[in-house]
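Residue numbers (this note's numbering), protein chains in the order written: chain A, 26 to 139; chain B, 5 to 117.
All residues carry an ideal CB built from backbone N, CA and C; glycine is no exception.
Computed from a predicted structure; not experimentally measured.
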Amino acid sequence: KQEVTQIPAALSVPEGENLVLNCSFTDSAIYNLQWFRQDPGKGLTSLLLIQSSQREQTSGRLNASLDKSSGRSTLYIAASQPGDSATYLCAVRPHTGNNRKLIWGLGTSLAVNP
Amino acid sequence: ETGVTQTPRHLVMGMTNKKSLKCEQHLGHNAMYWYKQSAKKPLELMFVYNFKEQTENNSVPSRFSPECPNSSHLFLHLHTLQPEDSALYLCASSQDGGPYEQYFGPGTRLTVT
Chain A
26 KQEVTQIPAA LSVPEGENLV LNCSFTDSAI YNLQWFRQDP GKGLTSLLLI
76 QSSQREQTSG RLNASLDKSS GRSTLYIAAS QPGDSATYLC AVRPHTGNNR
126 KLIWGLGTSL AVNP
Chain B
5 ETGVTQTPRH LVMGMTNKKS LKCEQHLGHN AMYWYKQSAK KPLELMFVYN
55 FKEQTENNSV PSRFSPECPN SSHLFLHLHT LQPEDSALYL CASSQDGGPY
105 EQYFGPGTRL TVT
């Protein structure tokens, strides 16, 4: 059974710091992996989607990497800003079976302090 | 309106009430989803509709009743809810029911008293 874990659960950093959020999954047979951002009480915004054949995806100050064999993905945020404060969620889509169903982590709550 | 919209944004209801949540997507997608997000739990997929047909029901109690009249609209009808049903209910859509990127609405914060 696929399980997704995100570490740390919460993170507080000063503005300008580069940081890494971690996502691990137990079954390497994935179709893709997606990183989302959620502001308090709000819906989810898709940040990056990495297909199983890809190693990384970049969007602005965000870079997501994928290492399927080790069951890990990282989200790197460069030069963090207070506006980056949010919860970051990782979701894995299994490669087999019902691949409509995303498997979710609990998220990392990020606070970037001015 | 663009993207995925949900109404109402906040809802407080008693256990004997009947209410409905509405979701509308303006992306030309053919699949729509209802998720429940509770504190300290991963997102829970409740229902999936693909081309207006329900393709997934993840053992959701019958007090939650979905309706999808067309590919752009999705409803969640609520009746005789329990306090533990209080949560953020999120709607999402995707190109179709395959492994495509899902786009989420802002959610409805539901409180059952």
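Cross-chain neighbours of residue i in chain B, by beta carbon under 8 angstroms
i, result
"G66 of chain A", "L92, G111 and R113"
8 angstroms Cβ cut-off: residues of chain A touching residue i
i, result
"Y53 of chain B", "Here the premise fails: no neighbours, minimum Cβ distance about 11 angstroms."
"L49 of chain B", "K126 and L127"
Under 9 angstroms by beta carbon: chain B residues contacting residue i
i, result
"S71 of chain A", "E105, Q106, Y107 and F108"
"L74 of chain A", "E105"
Short Cβ contact (8 angstroms threshold) for residue i with residue j
i, j, result
"V112 of chain B", "G18 of chain B", "At residue 112 of chain B the sequence reads Thr, which differs from the Val that was named. The answer is no: Cβ separation not under 8 angstroms."
"I75 of chain A", "A54 of chain A", "no"
"N43 of chain A", "Q31 of chain A", "no"
"L91 of chain A", "S98 of chain A", "yes"
"P70 of chain B", "L80 of chain B", "yes"
"Q63 of chain A", "I128 of chain A", "no"
"F61 of chain A", "L114 of chain A", "yes"
"Y1 of chain B", "L47 of chain B", "Missing from the structure shown is residue 1 of chain B; chain B here goes from 5 to 117 and no further."
"G68 of chain A", "F68 of chain B", "no"
"V8 of chain B", "A96 of chain B", "yes"
"G130 of chain A", "V29 of chain A", "yes"
"L58 of chain A", "T133 of chain A", "no"
Contact list for residue i against chain B, beta-carbon separation under 7 angstroms
i, result
"G130 of chain A", "P46"
DSSP-derived helix/strand/coil call for residue i
i, result
"E88 of chain B", "helix"
"D109 of chain A", "helix"
"R80 of chain A", "coil"
"L127 of chain A", "coil"
"E40 of chain A", "coil"
"Y104 of chain B", "coil"
Candidates the options, of which the one nearest residue i by Cα
i, options, result
"S78 of chain A", "A:S105, A:H120 and A:A111", "A:H120"
"A116 of chain A", "B:Q29, B:Y53, B:F55 and B:L49", "B:L49"
"E57 of chain B", "B:Y37, B:L114, B:S63 and B:V64", "B:Y37"
"D109 of chain A", "A:A34, A:V29, A:E40 and A:P33", "A:E40"
"P139 of chain A", "A:V38, A:G132, A:A34 and A:L72", "A:V38"
"S98 of chain B", "B:Q41, B:D89, B:F55 and B:R13", "B:F55"
"L87 of chain A", "A:A111, A:S94, A:P33 and A:A104", "A:A104"
"P107 of chain A", "A:A136, A:G66, A:S94 and A:R118", "A:A136"
"N61 of chain B", "A:R80, A:E81, A:T70 and A:K126", "A:K126"
"D89 of chain B", "B:Q29, B:F51, B:V16 and B:P110", "B:V16"
C-beta neighbour in chain C for residue i, strict 8 angstroms
i, result
"G132 of chain A", "Checking the listed chains, one finds no chain C in this structure; the protein chains it contains are A and B."
Are there three or more Cβ pairs, one per stretch, closer than 8 angstroms when the region 100-107 of chain B is compared with the region 9-26 of chain B?
-> No: fewer than three Cβ pairs fall under 8 angstroms.
Below 8 angstroms, can you find three or more Cβ-Cβ pairs linking the region 28-48 of chain B to the region 73-80 of chain B?
-> With the cut-off at 8 angstroms, the region 28-48 of chain B and the region 73-80 of chain B touch.
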